[in-house]
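The block underneath contains the structure these notes are about, expressed in structure tokens.
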Amino acid sequence: QLYRRVGELHNETVAQKSKHKGNITHMTRMQTDSKFMRRKMSELKAQIKELMIKKFGGEIDLNEVIESNVKTVSFGKNLSLDELEECTMKKMVFDYRLSHEDV
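What follows is the structure, encoded as structure tokens:
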């Protein structure tokens, strides 16, 4: 009976080691995927920044544009993309003037 229990424990140990090895492999893959995704995110952020600079002459806060669009839609005014770009440019000029103002 004792030898039977030793055999059961040995089989459990082998099963646990196998499960552990599979978990380690899975964790390693997840870490690799995470690194890849972080790298891809930074590349995409750089592309977005570059396109913003090309299109608007500087970085803009997309949350402000969305908020502005929501406000105009909620007040019943539909703005075209050109009007939104113009508003954004005016805000950028205003912010630039404020930052370079001698106080």
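For the sequence shown, position 88 matches number 86 in the working numbering, and the numbering has no gaps at all.
From the three backbone atoms N, C-alpha and C, an ideal C-beta is built for every residue, glycine too.
Asked	Found
Output the distance between the C-alpha atoms of V101 and V68, rounded to the nearest integer angstrom.	Note that V101 has pLDDT 44, beneath the 50 cutoff, so the model's placement of it is unreliable and the number below is only indicative. Each residue's Cα considered, the two are about 35 angstroms apart.
Starting from S16, follow the alpha helix (DSSP H) in both directions and report where the run begins and ends.	L0 to F54
Are the segment 84 to 96 and the segment 53 to 62 in contact at 8 angstroms, needing three or more beta carbon pairs?	yes
Going straight from the alpha carbon of R95 to that of E41, what length do you get?	31 angstroms
Can you give me the C-alpha to C-alpha distance between L82 and Q29, rounded to a whole angstrom?	41 angstroms
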